[in-house]
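> Before I ask anything, here is the structure I am working with.
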Amino acid sequence: MLWYKMWRESWIRFAVSSVALLWMCGAVVLLQRQVRAHADEPLSYAHYIWSAVYKANVLDLFILLVIVLGLGGVLQESAQGTAGFTLSLPVSRWRLIAVRAAMGWAQVAILALLPALLISMLSPFVGEVFPLARALQFSVLWAGCGMVIFAMSFFFSVVLPGSYSPAIASVAGLLAYSALADLPLLERYPPLDLLKTMHGEQLSNIQGKASLASFAVPLPWLSLSLYALVALCIVWAAGSTMAHRDF
Amino acid sequence: MNGMTPLLLKAWRESSGRFLLGAALLSAICVLGVFCRGSLMKVFVPNEAFTGDPYIGYIYHLIYGGPGRGLFIILVIVLALGGLQRERLHRTVGFTLALPMKRAWLVLAQALLGIGQVVVLSALPLLLLGMCSWLAHVSYPLEQMLRFGLLWLAGGTVFYAVAILAATLFDSEYTALAASFVFTIFYPITVMFPPLSRYPLNVHHIMSGLSMPYFDANKALLVGEPPWILLASMIAVAGVLIVLAVQIVKHRDYS
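Below you can see the structure in the form of structure tokens.
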């Protein structure tokens with residue numbers, strides 16, 4: 001029942017996000033000929049997809065949509081007068097937090113998967129190929145890094161009142177993090193750069209076809225494990241804050 | 248005190264937190280950008296073809312053509328959300344609609360205050376960069392800041408109007424936010440393709456000057472006359488969108 005509640009609260013956002021991502025990826029694939037024709041230098045299809053989807057606009061959209069998915073929760077419900085109902089359910093506050101986080105992470109993972117499926121399926125219709133295995137590698141990066149972004153937005157939703165302040169704080173946090181990661185002091189540790197990890201530049205440079213057998217090798221598992229740990233810690237901090245809060 | 252003043256006060260009370268938080272963040276970028284330039288200038292580096300003043304190129308890449316502008320757009324969108332749909336969720340819409348004011352005035356007061364907030368946010372870099380640059384003994388041309396402020400104001404008003412329309416259309420406040428974000432990213436891609444690509448329709452480019460005839464990318468400076476017709480057209484588009492939002496609110500059932 002709790003899962004159903006969390007789904008009902010977020011499904012419209014999730015549906016809008018899914019449609020938007022599919023729409024944008026579809027446009028990128030279908031209009032590839034025109035864009036590549038206007039490029040400053042010859043652009044392979046794989047590099048075009050990486051530039052348009054995994055490095056630039058679609059990635060930016062994905063990040064913003066993940067932030068929006070992380071918004072909501074009991075603090076926001078208190079403004080709507082429904083917090084009392086939620087808190088009186090026969091479940092612990094920790095369970096509320098855990099289910100909402102798990103539902104959000106599942107939605108983030110599905111959103112990360114959508115571009116991979118659509119691009120691989122649509123590419124043959126424009127006479128091109130983008131290997132599913134390669135696309136799924138990018139999805140793993142997006143899902144892993146998206147967990148942290150979701151957790152950050154989730155945390156701010158627990159500690160900041162108001163519907164929109166958590167969104168502003170999340171965007172600001174990401175900008176600050178991005179600038180810090182580029183500073184010479186931290187630049188020496190590439191695994192710490194969340195956005196660069198999401199770009200997956202190392203994957204875009206791999207020549208030849210990707211196969212399911214060689215799927216896992218090029219992925220930065222150390223970074224992804226680190227991000228998963230950080231995301232869990234942030235959600236734990238959010239749970240701890242909520243468990244002791246007077247609503 | 249006429250009827251508009253309390254509505255403006257109500258709109259201010261509803262959005263002041265978001266506005267002050269946003270203004271603080273934008274201010275932080277500007278102030279830290281100037282005083283921490285030693286480290287950040289290694290990050291926000293102009294491209295190889297750049298031949299102008301390094302500080303001017305750096306400020307452009309950090310503020311007017313970089314993360315500062317991105318943050319400004321997101322702040323403007325967040326400022327526009329709220330209104331009667333949100334009040335319906337919070338169960339205060341009955342109170343607001345029972346006020347002896349026309350529905351159109353409610354939306355117009357929100358829009359008027361919001362555009363005022365966009366004006367302040369557009370002017371913040373001008374004030375802070377000017378002051379901090381002076382304190383740090385570096386200089387960024389005042390005339391450039393004024394012109395970029397004008398471009399931000401016009402572009403920001405368009406994004407504000409889009410978000411106010413989304414907040415009017417969608418029942419859920421978060422859906423309106425998601426839809427506005429989608430528009431922000433999807434729309435500039437759409438106008439890249441013919442026949443739209445022949446016209447200067449990309450608000451992001453208009454705001455940053457990128458690929459525009461009034462911008463010298465090699466020196467990161469705005470040149471020539473400001474694009475008055477373009478700016479007036481953007482304000483007109485924003486006006487049309489706000490009028491559309493007013494019409495929707497006038498005919499909507501909030502029960």
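If you read the sequences in order, they're chains D and E. Each residue of the first sequence is one higher than the one before, counting from 1 in this note's numbering. Each residue of the second sequence is one higher than the one before, counting from 248 in this note's numbering. Quick reminder that beta carbons are idealized off the backbone N, C-alpha and C, glycines included.
1) Hey, is Leu-113 (chain D)'s beta-carbon within less than 8 Å of any beta-carbon in chain E?
2) Which class does Phe-462 (chain E) belong to by DSSP, given the choice of helix, strand or coil?
3) Using the three-state DSSP reduction, which class does Leu-393 (chain E) fall into: helix, strand or coil?
4) Take every Cβ of the stretch 324-333 of chain E, pair it with every Cβ of the stretch 349-358 of chain E, and state whether three or more of those distances are shorter than 8 Å.
5) Excluding the five sequence neighbours on either side, which residues of its own chain have a C-beta within less than 8 Å of the C-beta of Ala-383 (chain E), listed in chain order?
6) State the beta-bridge partners of Leu-506 (chain E) as determined by DSSP.
7) If you measure from the beta carbon of Arg-13 (chain D) to each beta carbon in chain E, is any gap under 8 Å?
8) Can you pull the chain E residues whose beta carbon is under 7 Å from the beta carbon of Ala-167 (chain D), in chain order?
9) What residue range is occupied by the uninterrupted alpha helix (DSSP H) comprising Asn-294 (chain E)?
10) Counting only beta-carbon atoms, is Ser-263 (chain E) nearer than 8 Å to chain D?
11) May I have the straight-line CA-CA distance separating Val-230 (chain D) from Trp-475 (chain E), to the nearest angstrom?
12) Leu-194 (chain D) versus chain E: which residues are under 7 Å apart at the beta carbon?
13) Check the Cβ-Cβ distances between Leu-232 (chain D) and every residue of chain E, and say whether any is below 8 Å.
14) Assuming Leu-287 (chain E) contacts Leu-309 (chain E) (C-beta within less than 8 Å), just tell me the rounded distance between them.
15) Got a sec? Which residues, its chain only, sit under 6 Å from Phe-428 (chain E) by beta carbon, not counting five neighbours each side?
16) Indicate the three-state DSSP secondary structure (helix, strand or coil) for Pro-184 (chain D) in the structure shown.
17) Using a 10 Å radius around the Cβ and a threshold of 16 neighbouring Cβ atoms, would you call Gln-364 (chain E) buried or exposed?
18) Where do the N-terminal and C-terminal ends of the alpha helix (DSSP H) with Tyr-421 (chain E) fall, by residue?
19) Starting from Ala-56 (chain D), trace the alpha helix (DSSP H) both ways and give me its first and last residue.
20) Name the chain E residues that come within less than 7 Å of Asp-40 (chain D), Cβ to Cβ?
21) Only counting the same chain, and skipping five residues up and downstream in sequence, which positions put a Cβ closer than 8 Å to that of Gly-313 (chain E)?
22) Are any of the Cβ atoms in chain D nearer than 8 Å to that of His-337 (chain E)?
23) Quick check: is the beta carbon of Pro-190 (chain D) nearer than 8 Å to any beta carbon in chain E?
24) With a floor of 3 residues, list each beta strand (DSSP E) that falls wholly inside the stretch 69-134 of chain D, ordered by position along the chain.
25) Which residues in the same chain have their Cβ closer than 6 Å to the Cβ of Arg-350 (chain E), if we skip the five residues on either side of it in sequence?
26) If I measure Cβ to Cβ from Leu-255 (chain E) and keep anything under 8 Å in the same chain, skipping five residues before and after, which residues do I get?
27) Just to make sure I have the definition right: I need the residues of chain E whose C-beta is within less than 8 Å of the C-beta of Gln-107 (chain D). Which are they?
28) Can you find a CB in chain D that lies within less than 8 Å of the CB of Lys-257 (chain E)?
29) Looking only at its own chain, which residues have a Cβ that is under 8 Å from the Cβ of Pro-191 (chain D), when we skip the five neighbours before and after it?
30) Compare the Cα-Cα distances from Val-148 (chain D) to each of D:Asp-60, D:Leu-232, D:Phe-156 and report the closest residue.
31) Would you report the Cα separation of Ala-370 (chain E) and Gly-396 (chain E), rounded to the nearest angstrom?
32) By alpha-carbon positions, which one of E:Asn-465, E:Ile-436, E:Ile-482, E:Glu-390 ends up nearest to Cys-25 (chain D)?
33) On the three-pair Cβ rule with 8 Å, is the stretch 72-89 of chain D touching the stretch 117-131 of chain D?
34) How about Thr-415 (chain E) and Arg-13 (chain D): are their beta carbons less than 8 Å apart?
35) Under the three-state reduction of DSSP, which class applies to Val-484 (chain E): helix, strand or coil?
With the given structure in hand:
1) Mapped onto the first sequence, residue 113 (chain D) falls at position 113. Not closer than 8 Å to any Cβ of chain E, the Cβ of Leu-113 (chain D) fails to qualify, so no.
2) Mapped onto the second sequence, residue 462 (chain E) falls at position 215. Phe-462 (chain E) falls in the strand class under three-state DSSP.
3) The residue labelled residue 393 (chain E) in the question sits at position 146 within the second sequence. It is helical.
4) yes
5) Along the second sequence, one-based indexing puts residue 383 (chain E) at 136. For Ala-383 (chain E), where only same-chain residues beyond five positions count, the Cβ hits under 8 Å are Val-281, Phe-282, Arg-284.
6) No statement about residue 506 (chain E) is possible, as the shown extent of chain E runs from 248 to 502 and does not include it.
7) Taking the first residue of the first sequence as position 1, residue 13 (chain D) is located at position 13. By this cut-off, Arg-13 (chain D) is an interface position.
8) One-based indexing of the first sequence puts residue 167 (chain D) at position 167. Here the neighbours are Val-325, Leu-424.
9) Indexing the second sequence from 1 puts residue 294 (chain E) at position 47. From DSSP, Asn-294 (chain E) is part of no alpha helix (DSSP H); its letter is neither H nor E.
10) In the second sequence, residue 263 (chain E) corresponds to position 16, counting from 1. Not an interface residue.
11) For the purposes of this step, residue 230 (chain D) is taken as residue 230 along the first sequence, with counting starting at 1. For the purposes of this step, residue 475 (chain E) is taken as residue 228 along the second sequence, with counting starting at 1. Approximately 49 Å between the Cα atoms of the pair.
12) Looking up residue 194 (chain D) in the first sequence gives position 194. Chain order gives no chain E residues near Leu-194 (chain D), where near means a beta carbon separation below 7 Å; the closest approach is about 15 Å.
13) On the first sequence, position 232 is the one that residue 232 (chain D) refers to. It does not: the Cβ of Leu-232 (chain D) has no partner Cβ on chain E nearer than 8 Å.
14) What you label residue 287 (chain E) is simply residue 40 of the second sequence in a count that begins at 1. What you label residue 309 (chain E) is simply residue 62 of the second sequence in a count that begins at 1. With 8 Å as the limit, Leu-287 (chain E) and Leu-309 (chain E) qualify as a contact, their Cβ atoms being about 7 Å apart.
15) Start at 1 with the first residue of the second sequence, and residue 428 (chain E) comes out as number 181. Result list for Phe-428 (chain E): empty, nothing under 6 Å.
16) Here residue 184 (chain D) refers to the residue found at position 184 of the first sequence. In the structure shown, Pro-184 (chain D) sits in a helix (DSSP, three-state: H, G or I).
17) By one-based count along the second sequence, residue 364 (chain E) stands at place 117. Gln-364 (chain E) comes out buried.
18) Mapped onto the second sequence, residue 421 (chain E) falls at position 174. Its alpha helix (DSSP H) spans residues 420-437.
19) The residue you call residue 56 (chain D) lines up with position 56 of the first sequence. No alpha helix (DSSP H) holds Ala-56 (chain D); DSSP gives it neither H nor E.
20) The residue given as residue 40 (chain D) occupies position 40 in the first sequence. Result: empty, since nearest Cβ-Cβ is about 12 Å, beyond 7 Å.
21) On the second sequence, residue 313 (chain E) is found 66 positions in, with the first residue counted as 1. Answer for Gly-313 (chain E): Phe-291, Tyr-307, listed in chain order.
22) One-based indexing of the second sequence puts residue 337 (chain E) at position 90. Chain D contact via Cβ: present.
23) Here the question's residue 190 (chain D) lines up with position 190 in the first sequence. Closer than 8 Å: no.
24) none
25) Here residue 350 (chain E) corresponds to residue number 103 of the second sequence, with the count starting at 1. Taken in chain order, the residues that qualify are Val-496, Lys-497.
26) If you number the second sequence from 1, residue 255 (chain E) lands on position 8. Excluding positions up to five away in sequence, the list reads Ala-356, Leu-359, Leu-360.
27) Counting from one through the first sequence, the residue named residue 107 (chain D) turns up at place 107. Residues of chain E passing the Cβ test: none, with the nearest at roughly 12 Å.
28) The residue you call residue 257 (chain E) lines up with position 10 of the second sequence. Answer no: the Cβ-Cβ gap between Lys-257 (chain E) and chain D never drops below 8 Å.
29) On the first sequence, residue 191 (chain D) is found 191 positions in, with the first residue counted as 1. Apart from the 5 residues on each side of it in sequence, Pro-191 (chain D) sits with its Cβ closer than 8 Å to the Cβ of Thr-197, Pro-220, Leu-222, Ser-223, Leu-226 in its chain, given in chain order.
30) Numbered from 1 along the first sequence, position 148 holds the residue referred to as residue 148 (chain D). Nearest neighbour of Val-148 (chain D) by Cα position, chosen from D:Asp-60, D:Leu-232, D:Phe-156, turns out to be D:Leu-232.
31) Residue mapping note: residue 370 (chain E) aligns to position 123 of the second sequence, counting from 1. Residue mapping note: residue 396 (chain E) aligns to position 149 of the second sequence, counting from 1. So the two alpha carbons sit approximately 6 Å from each other.
32) Counted from its first residue, the first sequence places residue 25 (chain D) at position 25. Answer by Cα proximity: E:Ile-436.
33) no
34) Within the second sequence, the letter at position 168 stands for residue 415 (chain E). Within the first sequence, the letter at position 13 stands for residue 13 (chain D). The answer is no: Cβ separation not under 8 Å.
35) For the purposes of this step, residue 484 (chain E) is taken as the residue at position 237 of the second sequence. Three-state DSSP puts Val-484 (chain E) in a helix.
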